[in-house]
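Residue numbers (this note's numbering): 31 to 303.
Even glycine gets a Cβ: it sits at the ideal position worked out from N, Cα and C.
None of these values were measured; they are calculated from a predicted model.
Step one of this worksheet: look at the structure below.
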């Protein structure tokens, strides 16, 4: 065993090309990989927590189930799955190397991610239940007494045995579009999607395009509708679900603005100390 071999065995890092610039490249790639893992975890975890809250609150309020079991399976495997895999192909934030090193023992689910999960849970739950309640109100139509509070009447109504396919479809489509829109904003924890470039990750275009195509088929193809318990949506209903589905993505962009502001405040405080 030569001295060189011993040095390689005991070293924390070995340069194979005798180029110190390789250290910078390795650190940058490591940060990209770690950031992509965080994006993957955040995207799926925030989606799943929101789904749990949607079902929990609907059950607590005595409403019909906004999402069926097969719709939840579809959301988790296809609507969420394809964009989550595309996140692994992200090239990293443009200012990724300008940030200070993260604490050695920091958890993947750190404070900023917990904040993001909390905000997304509220945003997605509100958007989906809002679409569902609107669908229920339209389903009842003139059955709601004139002058009555529509929300209170819906919450008191006995929904057992009542077909609410349109409302369920509105909830399903809203949550699906929430995830597809968020697939773009979640590509960076702090950098705006407009600075990154909406179409800069071609794998995301493939993933979102495929998921959107499958969603349209599930909602509009007659022989698939009974399987997924969906129903045709009118143009007005499509406009409403698209508008509501944008809320979580917009909320995520505002969360990024807050995190960037917080970073600047921390740097200013450190410089003044």
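Pick from 59, 124, 152 and 115 that is closest to residue 222, judged by C-alpha positions: The sequence position of residue 222 within the chain shown is 192, counting from 1. It is 124 whose Cα lies nearest to the Cα of residue 222.
Span separating the alpha-carbon of residue 207 from that of residue 59: Along the chain shown, one-based indexing puts residue 207 at 177. Along the chain shown, one-based indexing puts residue 59 at 29. Whole-angstrom Cα-Cα distance: 31 Å.
Limits of the unbroken alpha helix (DSSP H) element including residue 56: The residue given as residue 56 occupies position 26 in the chain shown. Unbroken alpha helix (DSSP H) run through residue 56: 51-90.
Residue 88 versus residue 110: straight-line alpha-carbon distance, rounded: Start at 1 with the first residue of the chain shown, and residue 88 comes out as number 58. Start at 1 with the first residue of the chain shown, and residue 110 comes out as number 80. Distance between the alpha carbons of residue 88 and residue 110 is about 22 Å.
Contacts around residue 31, its chain only, beta-carbon distance under 7 Å, and the 5 residues preceding and following it disregarded: The sequence position of residue 31 within the chain shown is 1, counting from 1. Residue placement at residue 31 is poorly supported in this model, since its pLDDT is 48, which falls under 50; the coordinates are not used for a value here.
Residue burial classification, residue 234 (beta-carbon count within 10 angstroms, cutoff 16): Taking the first residue of the chain shown as 1, we reach residue 234 at position 204. That one is buried.
Distance between residue 288 and residue 43 (C-alpha atoms, nearest Å): Against the chain shown, residue 43 aligns to sequence position 13. Against the chain shown, residue 288 aligns to sequence position 258. Straight-line Cα distance between these residues: approximately 37 Å.
Buried versus exposed, by CB contacts within 10 Å (16 or more), residue 291: Within the chain shown, the letter at position 261 stands for residue 291. Burial call: exposed.
Sequence-distant residues of its chain with Cβ nearer than 7 Å to residue 275 (five each side left out): Against the chain shown, residue 275 aligns to sequence position 245. Here the set comprises 157, 204, 207, 208 and 211.
Residue 258: first and last residue of the uninterrupted alpha helix (DSSP H) it sits in: The residue given as residue 258 occupies position 228 in the chain shown. 255-258 is the extent of the alpha helix (DSSP H) around residue 258.
Collapsed DSSP secondary structure at residue 230 in the structure displayed: Here residue 230 refers to the residue found at position 200 when the chain shown is read from its first residue. Coil.
Nearest-angstrom Cα separation, counted from residue 91 out to residue 217: Along the chain shown, one-based indexing puts residue 217 at 187. Along the chain shown, one-based indexing puts residue 91 at 61. Going by the C-alpha atoms only, they are around 35 Å apart.
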